[in-house]
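**Student:** Numbering (the numbering used here), first residue to last: 245 to 476.
Note that the Cβ used here is the ideal one computed from N, Cα and C, for glycine as well.
Quick one: this structure, given as structure tokens, is what I'll be asking you about.
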């Protein structure tokens with residue numbers, strides 16, 4: 245009888261899970277918001293606790309699934325009809341890079357580090373921040389990237405050219421700090437970095453928010469906005 249009850253609970257739980265999923269509509273994994281993730285976790289917890297607990301009856305599991313599904317459905321409807329509710333529950337995109345400049349406030353708000361931004365860009369096939377005009381962090385955690393026109397429109401193949409491969413960019417300065425390990429990986433010294441920075445009219449490393457270097461393109465530096473308004 246115990247095994248039969250567990251099997252019945254599993255079947256009812258699976259049916260309830262499918263019903264709630266269909267009720268809320270189809271979504272790709274990239275479209276799943278933190279709210280969607282939480283409701284899925286809670287629903288999974290309801291099934292997990294109820295299936296193996298003999299004190300929880302089949303009807304109680306069914307009631308919990310129905311109540312949770314209806315509650316989430318009502319919230320989804322309210323979010324569709326109210327932009328304010330939608331932003332509160334679903335979140336909204338954060339503009340991490342605006343017109344080529346990193347927004348340090350938005351990064352801190354979303355608990356992002358520069359290397360994390362670089363990692364997300366590499367997954368999109370972008371290996372340097374100098375190519376990025378705008379970068380949006382979507383509510384689901386993925387990113388949308390708009391490149392500068394010169395980086396995204398004309399390719400060497402269109403012009404019949406055959407240029408050499410570009411060297412990878414190395415993060416050498418992050419939020420006013422020298423990345424010594426990265427410097428060692430390309431066999432460069434702190435003295436070399438300081439000399440290169442000073443040639444571009446930056447007196448102190450602490451004034452620089454972001455600095456990268458590559459053998460083909462050289463330095464790309466962004467100072468803190470309040471300390472300097474131009475970008476090398």
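How is the alpha helix (DSSP H) around residue 362 delimited, first residue to last?
**Tutor:** Here the alpha helix (DSSP H) through residue 362 covers 358-367.
**Student:** In chain order, what residues of the same chain lie with their CB nearer than 6 Å to the CB of residue 337, ignoring the 5 residues before and after it?
**Tutor:** Answer for residue 337: 380 and 382, listed in chain order.
**Student:** How would you write the range of the alpha helix (DSSP H) that residue 426 sits in, first residue to last?
**Tutor:** Unbroken alpha helix (DSSP H) run through residue 426: 424-429.
**Student:** Three-state secondary structure (DSSP) at residue 345?
**Tutor:** Reduced to three states, the DSSP call for residue 345 is strand.
**Student:** With 16 as the cutoff for other CB atoms within 10 Å, does residue 253 come out buried or exposed?
**Tutor:** With 16 or more other Cβ atoms within 10 Å, it is buried.
**Student:** Express the C-alpha separation of residue 327 and residue 438 in angstroms, rounding to a whole number.
**Tutor:** Going by the C-alpha atoms only, they are around 49 Å apart.
**Student:** Which partner residues of residue 455 appear in the DSSP bridge assignment?
**Tutor:** 417 and 465, per the DSSP bridge assignment.
**Student:** Alpha carbon to alpha carbon, what distance is there between residue 467 and residue 473?
**Tutor:** In this predicted model, residue 473 has a pLDDT of only 42, less than 50, meaning its place in the structure is not dependable enough to derive any value.
**Student:** Quick one: give me the first and last residue of the alpha helix (DSSP H) that residue 449 is part of.
**Tutor:** No alpha helix (DSSP H) holds residue 449; DSSP gives it neither H nor E.
**Student:** Does DSSP put residue 378 in a helix, in a strand, or in coil?
**Tutor:** Three-state result, residue 378: strand.
**Student:** Is residue 300 helix, strand or coil by DSSP?
**Tutor:** Reduced to three states, the DSSP call for residue 300 is coil.
**Student:** Please tell me whether residue 346 has its Cβ less than 8 Å away from any Cβ of chain C.
**Tutor:** The structure shown contains no chain C, having only a single protein chain.
**Student:** Given that a residue counts as buried once 16 or more other Cβ atoms are within 10 Å of its Cβ, and exposed if not, what is residue 308?
**Tutor:** Buried: at least 16 other Cβ atoms inside 10 Å.
**Student:** Skipping 5 residues on each side, what residues in its chain have a beta carbon closer than 7 Å to that of residue 453?
**Tutor:** Around residue 453: 346, 348, 419, 466, 467 and 468.
**Student:** For residue 338, write down the residues that DSSP places opposite it in a beta bridge.
**Tutor:** Answer by DSSP bridge pairing, in chain order: 381.
**Student:** What are the residues that DSSP puts in a beta bridge with residue 285?
**Tutor:** Per DSSP, none; premise fails for residue 285.
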